[in-house]
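Down below is the structure, laid out as structure tokens.
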């Protein structure tokens, strides 16, 4: 079945630095990828929709200059958290939809970001 | 609206009992719904899905019911096992919002042996 690889699985960074998270579809082409953030004991909140070859669409309240999304190929989307602060510490999860498929999405294993 | 800032409700059941997890969705135009299971520290795992032209779908030990009139979904797990302990989310595919997948609040299922 469809597999989505997310890397790194966890990262600790200092305040003010930037962190890049990668999301790869391993055995299918994904025209659309989604990025979610999840705080402890809460649901997944959609941050943005990433479309291959075009600008990402951000949800209301998500700062596009802080959370940079690049979807340069049909198998790779990246999320860069710029100038990270402790309140950015969270679990970030990506999902990918298979090109031409009319059914659900496959999720990555998530990235635990801790900003100290 | 979307689930923001709400803490997870919990459901505790005895091993072997049936579990019913409920979910309300927000967009009457949503045409496709999915139940996911999420274990601690992992990404969501697909369980079962249902399209809006159906009101019931069965899988292995799981059944999803859809009531479009009241915008309600339920997930029934038969003969619940300790390995079923996890957080369960429903998600709606918002067809009229570019196919975004929006998650419901979630329920934490705890199975007692």
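Residue numbers (my numbering), protein chains in the order written: chain A, 43 to 158; chain B, 3 to 115.
Glycine residues also receive a C-beta, built at the ideal position from the N, C-alpha and C atoms.
Model, not experiment: these values are computed from the prediction.
Establish whether the CB of residue 73 of chain B and some CB of chain A are separated by less than 8 Å.
With 8 Å as the cut-off, residue 73 of chain B does not count as an interface residue toward chain A.
State buried or exposed for residue 31 of chain B, treating a residue as buried only when at least 16 other CB atoms are found within 10 Å of its CB.
With fewer than 16 Cβ atoms within 10 Å of its Cβ, residue 31 of chain B is classed as exposed.
Touch test, the stretch 73–88 of chain A against the stretch 111–129 of chain A, Cβ-Cβ under 8 Å, three pairs minimum
Contact between the stretch 73–88 of chain A and the stretch 111–129 of chain A is present, because at least three Cβ pairs lie under 8 Å.
Is there a Cβ from chain A that is less than 8 Å from the Cβ of residue 107 of chain B?
So yes, residue 107 of chain B belongs to the interface.
In this structure, how does DSSP classify residue 110 of chain B when only helix, strand and coil are distinguished?
The three-state secondary structure of residue 110 of chain B, taken from DSSP, is strand.
Around the Cβ of residue 58 of chain B, are there at least 16 other Cβ atoms within 10 angstroms (buried) or fewer (exposed)?
Its Cβ having fewer than 16 others within 10 Å, residue 58 of chain B is exposed.
Should residue 137 of chain A go down as buried or exposed, given a rule of 16 or more other Cβ atoms within 10 Å for buried?
Result: buried.
Rounded to a whole number of angstroms, what is the C-alpha to C-alpha distance between residue 49 of chain B and residue 34 of chain B?
Approximately 14 Å, taken between the alpha carbons.
Grouping DSSP H, G and I as helix and E and B as strand, with all else coil, what is residue 45 of chain B?
In the three-state reduction of the DSSP assignment, residue 45 of chain B falls in the coil class.
Need the endpoints of the beta strand (DSSP E) that residue 87 of chain A sits in, please.
First-last of the beta strand (DSSP E) with residue 87 of chain A: 86–93.
Report, in whole angstroms, the separation of the C-beta atoms of residue 96 of chain B and residue 55 of chain B, which I expect to be a contact under 8 Å.
The pair is not a contact, with the Cβ atoms about 17 Å apart (cut-off 8 Å).
Please classify residue 130 of chain A as buried or exposed, where buried requires at least 16 other C-beta atoms within 10 Å of its C-beta.
The residue in question, residue 130 of chain A, is buried, as its Cβ has 16 or more Cβ neighbours within 10 Å.
Would you tell me roughly how many angstroms separate the C-alpha atoms of residue 135 of chain A and residue 44 of chain B, rounded to the nearest one?
Going from the Cα of residue 135 of chain A to the Cα of residue 44 of chain B covers about 9 Å.
Grouping DSSP H, G and I as helix and E and B as strand, with all else coil, what is residue 33 of chain B?
When secondary structure is reduced to three states using DSSP, residue 33 of chain B falls in the coil class, being assigned neither helix nor strand.
Taking its Cβ as the centre, do 16 or more other Cβ atoms sit within 10 Å of residue 66 of chain A, making it buried, or is it exposed?
Here residue 66 of chain A is buried: its Cβ has 16 or more other Cβ atoms, across all protein chains shown, within 10 Å.
From A/125, A/63, A/94, A/115, pick the residue whose C-alpha is nearest to that of residue 52 of chain A; which is it?
Closest by alpha carbon: A/63.
Beta-carbon neighbours of residue 10 of chain B, restricted to chain A and to distances below 9 Å:
Result: 83, 84, 85.
CB contact check: residue 68 of chain B to chain A, cutoff 8 Å:
Chain A contact via Cβ: absent.
Residue 87 of chain B vs residue 113 of chain B beta-carbon contact at 8 Å
In this structure, residue 87 of chain B sits near residue 113 of chain B, with a CB-CB distance shorter than 8 Å.
Taking CB distances under 8 Å as the criterion, tell me whether residue 88 of chain A reaches chain B.
With a threshold of 8 Å between beta carbons, residue 88 of chain A makes contact with chain B.
Against chain A, with Cβ distances strictly below 8 Å, would residue 13 of chain B count as a contact?
Residue 13 of chain B does not count as touching chain A.
Chain A residues whose Cβ lies nearer than 8 Å to that of residue 102 of chain B
Against chain A, a Cβ distance below 8 Å from residue 102 of chain B picks out 76, 88, 91.
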